[in-house]
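Letter 52 of the sequence shown, counting from 1, is numbered 51 in numbering that gives the first Met the number 0, and no numbers are missing.
Quick notes on the structure that follows.
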Amino acid sequence: MAANQGERTRRRLSTGERREQLLSVGARLFSESPYDDVWIERVAEIAGVSRGLLYHYFPNKRDFFTAVVERESERMLRMTAAVPGVPVRVQLTAGLDAYLEYVRAHAHGYRAFHRADAAGDQTVRRVYRRALAAQERQILAALAADPEFGPAFEERTDVRLAVRGWLAFTTAVCLEWLRDPEPTREQVRDLCARALLGAIAP
């Protein structure tokens with residue numbers, strides 16, 4: 000009887016819902032263990048699907064982990080997208096609030112995303128680095144559109160380097176915050192905001 004109920008539940012999931020379920024399971028496992036230690040069979044077992052069905056969605060572990068990383072990247076980019084006409088200083092506070100809320104709500108996905116650079120698979124690492132580059136471009140474009148900073152900021156090598164370093168700093172702070180949530184979100188937000196504004200100050 001229980002098995003039949005499980006089959007009915009399984010059939011009720013749409014293709015998109017099933018894919019999202021598998022990615023959520025993958026994010027949790029990849030956040031807890033190195034890439035090489037995660038077995039695709041375990042993902043299928045936790046999700047309650049056959050290995051064949053999982054391979055129907057993702058041909059191999061590389062494609063599966065890549066999809067996990069891309070999902071998290073897209074979420075972060077949407078959440079921190081620039082708002083035309085709003086000063087960078089205002090956007091920075093609001094963007095960091097949204098980003099930190101995401102980090103807290105999707106801790107497994109966030110950890111999994113940042114484990115990608117340590118994966119031995121070069122394809123996975125390239126996907127991760129492309130995602131970071133997209134975040135960097137998004138920040139530089141927001142700076143360039145703000146009269147306080149201007150278009151020249153987007154082209155300056157030192158500013159690009161500062162933004163790249165700030166992304167690494169923010170990642171390290173957020174991962175530590177997930178381990179030790181004693182600082183408030185506001186304290187973490189203000190720390191990260193000061194770090195960026197200080198790094199790009201003339």
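Glycine included, each C-beta is placed from N, C-alpha and C at the ideal position.
Quantities reported herein were computed from a predicted structural model and do not represent experimental measurements.
Asked	Found
7 Å CB neighbourhood of leucine 166 in its chain, flanking five on each side removed	Leu131, Gln134, Glu135
Helix, strand or coil at aspartate 189 according to DSSP, with G and I counted as helix	helix
Cβ neighbour criterion (16 or more within 10 Å) applied to tryptophan 38	exposed
Ranges of the alpha helix (DSSP H) found wholly within the region 87-160, counting only runs of at least 4	87-104, 106-114, 121-144, 151-154
Meets three-Cβ-pair contact criterion under 8 Å: the region 103-118 and the region 167-183	yes
Leucine 196 versus aspartate 189: straight-line alpha-carbon distance, rounded	11 Å
For threonine 79, three-class secondary structure by DSSP	coil
Alpha helix (DSSP H) segment containing glycine 51, residue limits	50-56
Residue range of the unbroken alpha helix (DSSP H) whose run includes glutamate 256	Residue 256 falls outside the range modelled here, since the chain spans only 0 to 201, and no answer is possible.
Own chain, CB closer than 6 Å to tyrosine 127, minus 5 neighbours either side, in chain order	Val68, Ala115, Asp116
Contacting residues, own chain, Cβ-Cβ under 7 Å from threonine 14 (five flanking each side not counted)	none
DSSP-derived helix/strand/coil call for alanine 200	coil
C-beta atoms of alanine 66 and leucine 53 nearer than 7 Å	no
Burial state of arginine 70 (16 or more Cβ within 10 Å)	buried
Reference isoleucine 45, options Arg11, Arg17, Arg61, closest by Cα	Arg17
Straight-line Cα distance separating proline 182 from arginine 172	Reading off the sequence, residue 172 comes out as valine, not arginine. If you take the alpha carbons of valine 172 and proline 182, they lie about 11 Å apart.
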